[in-house]
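A.B. asks: Numbering (my numbering), first residue to last: 26 to 255. Here it is, the structure, as structure tokens.
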Ligand SMILES: *Cc1c(COP(=O)(O)O)cnc(C)c1O
């Protein structure tokens, strides 16, 4: 697997898409989604300068974080998977970001369990933008009241929104969904002017270009970097 070339190609895609959309190149951050992949793959990505990684499973993520802490390699870890209440403590103790927040109870536990020697946990609210029954995330019409509850928690810092749209190859459909997310993001920024709401996490291997054209500030890319997951 050519991890380093893949990252270079994605960086180029970010640059060309930003230029196309009249956006600044440094507005879009790349999160390398390393779930199911070994630490040797993460090291290869790190050697290109990549420092932000996403993990979906608590135990697997914590093992990788501990490995790099022991090596004194400082990386930024984002938890992006579904989170159950019995796993919140490990996430609060090890991760820097949680992108999949959609339940108040989980948010409260994360805030309580965040160690005081760490900075606040950076969080994104996951929005179920296509109202899929099987998908995590809160419905868009509950976003603002939910965000207000999150803002009241002392050890969490709300930074924005994350979404996983319904799968489609239809670029028109992709665009509509991403534009809807951008609207919600702007609404959230207006609602919380005193907060630093700066992150709109949308776009994965199959739709990253469209997401950047529609205002994404962070793409989460797994298979296009590390190859398919078996
Ligand atoms: C696995 C995963 C990704 C990466 O998906 P790819 O299609 O492999 O790029 C992004 N976001 C979330 C939440 C994921 O679970």
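Glycine residues also receive a C-beta, built at the ideal position from the N, C-alpha and C atoms. Please read all numbers here as calculations on a predicted model, not as lab measurements.
Which partner residues does residue 201 have in the DSSP bridge list?
C.D. replies: Taking the first residue of the chain shown as position 1, residue 201 is located at position 176. In DSSP, residue 201 forms no bridge with anything.
A.B. asks: Helix, strand or coil: how does DSSP classify residue 210 here?
C.D. replies: Here the question's residue 210 lines up with position 185 in the chain shown. Residue 210 falls in the helix class under three-state DSSP.
A.B. asks: Can you look up residue 78 in the DSSP assignment and give me helix, strand or coil?
C.D. replies: Residue 78 sits at position 53 when you count from the first residue of the chain shown. DSSP places residue 78 in strand when its eight states are reduced to three.
A.B. asks: Going by Cα to Cα distance, which pick from 184, 204, 198 is closest to residue 214?
C.D. replies: On the chain shown, position 189 is the one that residue 214 refers to. Comparing Cα-Cα distances from residue 214 to each of 184, 204, 198, the minimum goes to 184.
A.B. asks: Give the DSSP-derived three-state secondary structure of residue 141 in the structure shown.
C.D. replies: Your numbering for residue 141 matches position 116 in the chain shown. Residue 141 falls in the coil class under three-state DSSP.
A.B. asks: Just list the beta strand (DSSP E) runs in the region 75-130, keeping only unbroken ones of 3 residues or longer that don't cross its boundaries, in chain order.
C.D. replies: With a minimum length of 3 residues, the continuous beta strand (DSSP E) runs that stay inside the region 75-130 are 77-80, 101-104, 122-126.
A.B. asks: Measuring CB atoms only, is the region 122-137 touching the region 229-239, in the sense that at least three cross pairs come out at less than 8 Å?
C.D. replies: No, the region 122-137 is not in contact with the region 229-239.
A.B. asks: Should the region 179-193 be called in touch with the region 144-155, which here means at least 3 C-beta pairs below 8 Å?
C.D. replies: Counting Cβ pairs under 8 Å, three or more are found: they touch.
A.B. asks: Which stretch, first to last residue, makes up the beta strand (DSSP E) that contains residue 70?
C.D. replies: Taking the chain shown and counting its residues from 1, one reaches residue 70 at position 45. Run containing residue 70: none in the beta strand (DSSP E); it sits in the alpha helix (DSSP H), 64-71.
A.B. asks: Would residue 86 be called buried (16 or more neighbouring beta carbons within 10 Å of its own) or exposed?
C.D. replies: The residue labelled residue 86 in the question sits at position 61 within the chain shown. Looking at its Cβ environment, which holds 16 or more other Cβ atoms inside 10 Å, residue 86 is buried.
A.B. asks: Suppose you measure from the CA of residue 93 to the CA of residue 78; what does that come to, to the nearest Å?
C.D. replies: Your numbering for residue 93 matches position 68 in the chain shown. Your numbering for residue 78 matches position 53 in the chain shown. Computed Cα separation, rounded: 12 Å.
A.B. asks: What did DSSP end up calling residue 233 once you bin it into helix, strand or coil?
C.D. replies: Within the chain shown, residue 233 is the residue found at index 208, counting from 1. It is helical.
A.B. asks: In whole angstroms, what is the alpha-carbon distance linking residue 170 and residue 178?
C.D. replies: Mapped onto the chain shown, residue 170 falls at position 145. Mapped onto the chain shown, residue 178 falls at position 153. Cα to Cα, the separation comes out at about 14 Å.
A.B. asks: Decide if residue 33 is buried, meaning its Cβ has at least 16 other Cβ atoms within 10 Å, or exposed.
C.D. replies: As a first step, residue 33 must be located in the chain shown, where it is residue number 8. Counting Cβ neighbours within 10 Å, residue 33 comes out exposed, since fewer than 16 surround it.
A.B. asks: Consult DSSP for residue 178 and reduce its assignment to one of helix, strand or coil.
C.D. replies: Walking along the chain shown from the start, residue 178 turns up at place 153. Of the three classes helix, strand and coil, the one that applies to residue 178 here is coil, per DSSP.
A.B. asks: Which same chain residues end up closer than 6 Å to residue 59 when comparing Cβ atoms and leaving out the 5 residues on each side of it in sequence?
C.D. replies: Working through the chain shown from its first residue, we reach residue 59 at position 34. Cβ neighbours of residue 59 beyond the five flanking positions: 67, 78.
A.B. asks: From residue 232 to residue 199, what does the alpha carbon distance come to, in whole angstroms?
C.D. replies: By 1-based counting over the chain shown, the position of residue 232 is 207. By 1-based counting over the chain shown, the position of residue 199 is 174. Residue 232 and residue 199: Cα-Cα distance of roughly 8 Å.
A.B. asks: What residue does the beta strand (DSSP E) around residue 150 start on, and which one ends it?
C.D. replies: Taking the first residue of the chain shown as position 1, residue 150 is located at position 125. 146-152 is the span of the beta strand (DSSP E), which, as asked, contains residue 150.
A.B. asks: Do residue 174 and residue 207 have their C-beta atoms within less than 7 Å of each other?
C.D. replies: As a first step, residue 174 must be located in the chain shown, where it is residue number 149. As a first step, residue 207 must be located in the chain shown, where it is residue number 182. No, they are not a contact pair.
A.B. asks: Got a sec, what are the start and stop residues for the beta strand (DSSP E) residue 36 sits in?
C.D. replies: By one-based count along the chain shown, residue 36 stands at place 11. Run containing residue 36: none in the beta strand (DSSP E); it sits in the alpha helix (DSSP H), 28-45.
A.B. asks: Return the bridge partner residues of residue 187 from the DSSP annotation.
C.D. replies: As a working note, residue 187 is residue 162 in the chain shown. Its beta-bridge partners are 151, 226.
A.B. asks: What distance in whole Å lies between the Cβ atoms of residue 50 and residue 39, which are believed to be in contact at a cut-off of 8 Å?
C.D. replies: Start at 1 with the first residue of the chain shown, and residue 39 comes out as number 14. Start at 1 with the first residue of the chain shown, and residue 50 comes out as number 25. Indeed, because the Cβ distance is near 7 Å, the residues count as touching under 8 Å.
A.B. asks: So what's residue 158 in DSSP terms, helix, strand or just coil?
C.D. replies: The residue labelled residue 158 in the question sits at position 133 within the chain shown. DSSP places residue 158 in coil when its eight states are reduced to three.
A.B. asks: Residue 244 lies in the alpha helix (DSSP H); which residues open and close that run?
C.D. replies: Here residue 244 corresponds to residue number 219 of the chain shown, with the count starting at 1. From DSSP, residue 244 is part of no alpha helix (DSSP H) but of the beta strand (DSSP E) over 243-246.
A.B. asks: Buried or exposed for residue 95, going by 16 or more other Cβ atoms inside 10 Å?
C.D. replies: Counted from its first residue, the chain shown places residue 95 at position 70. Classification for residue 95: exposed.
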